[in-house]
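Take a look at the structure set out below.
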Amino acid sequence: MQATAILKEEHRVIERVLDALETAANRLTTGSPVRPGVFLQAADFIKGFADGCHHKKEEGVLFPALEAAGIPAQGGPIGVMLFEHEEGRKLTAAMRAAAERLAAGDSSATAEVVENALGYVALLRQHIAKEDNVLFPMADRAIQGPAQTELTAAFARVEHEETGLGVHERFLALADAIEREVAQ
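Residue numbers for the sequence shown follow our numbering, beginning at 1181 and rising by one.
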């Protein structure tokens, strides 16, 4: 499997959590009850899977390979992706902080939870579209043959050696749990 196909599969899992997060935030907006833990679990998923596994593959493996293939890190798509990863981290941290206050009984944190959750959803949806439709096709053209095989092997190392055996599967289960709870 091509390295970018692995990243696209991970995007589909992330999008499932984005859909659930959007639904939960919209419910909060209308005054419907939503367990604050849903937002905390989503923040855990984002930090552990979207950022800790997926973005680690991009930032630690794919982007350097693209640079080695002649695509500049600054002033192009890599720089934009890095900036958006950082923005996502900020929105996730703010959502987590607000959700913790909400869980502690501070209902005034509701608007902040919603704002940061929906901000993250919007950011990531357009970010994923850029990667799937621009960056990944560019990577497929720039990185071929043995370099593509090395990229895929490096992704496996990130997933199993750096993030730990079974971590990926644990986050897939968390995505399922978030989806199930929000679907009720």
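Built from N, CA and C at the ideal position, the CB exists for glycine as well.
Complete runs of the alpha helix (DSSP H) confined to the region 1256–1320 [at least 4 residues]: Secondary structure in the region 1256–1320: the alpha helix (DSSP H) runs of 4 residues or longer, each lying completely within the stretch, are 1257–1283, 1290–1310 in chain order.
Distance CB(I1186)-CB(K1237) smaller than 9 Å: Yes, Cβ-Cβ distance for I1186 and K1237 is below 9 Å.
Examine the Cβ distances between the region 1328–1348 and the region 1222–1242 and report whether three or more of them are shorter than 8 Å. Taking a cut-off of 8 Å on C-beta distances, the region 1328–1348 touches the region 1222–1242, as three or more cross pairs fall below it.
Close beta carbons around H1265, own chain, < 6 Å, minus the five adjacent residues each side: Hits under 6 Å: H1235.
By DSSP, does I1194 sit in helix, in strand, or in coil? In the structure shown, I1194 sits in a helix (DSSP, three-state: H, G or I).
Could you check what DSSP says for Q1364 in three-state terms: helix, strand or coil? Three-state DSSP puts Q1364 in coil, outside helix and strand.
Pick from L1303, A1223, A1253: whose alpha carbon is nearest that of E1267? Closest in C-alpha terms to E1267, from the list L1303, A1223, A1253, comes L1303.
Between which two residues does the alpha helix (DSSP H) carrying V1139 extend? Any question about residue 1139 goes unanswered here, given that the chain covers just 1181 to 1364.
Residues near A1222 in its chain [Cβ-Cβ closer than 8 Å; skip 5 each side]: Here the set comprises V1197, A1200, L1201, A1204, M1275, A1297, I1358.
Run the CB neighbour count on A1355, radius 10 Å, all protein chains shown included, and call it buried at 16 or more, exposed below. With 16 or more other CB atoms across the displayed protein chains lying within 10 angstroms of its CB, A1355 is buried.
Starting from P1244, follow the alpha helix (DSSP H) in both directions and report where the run begins and ends. For P1244, the enclosing alpha helix (DSSP H) has its first and last residue at 1243–1248.
Between the region 1205–1225 and the region 1307–1320, can you find at least three pairs of beta-carbon atoms closer than 8 Å? Contact between the region 1307–1320 and the region 1205–1225 is absent, because fewer than three Cβ pairs lie under 8 Å.
From V1260, P1326, R1269, residue whose alpha carbon lies closest to that of V1314: Of the candidates V1260, P1326, R1269, the one whose C-alpha sits nearest the C-alpha of V1314 is V1260.
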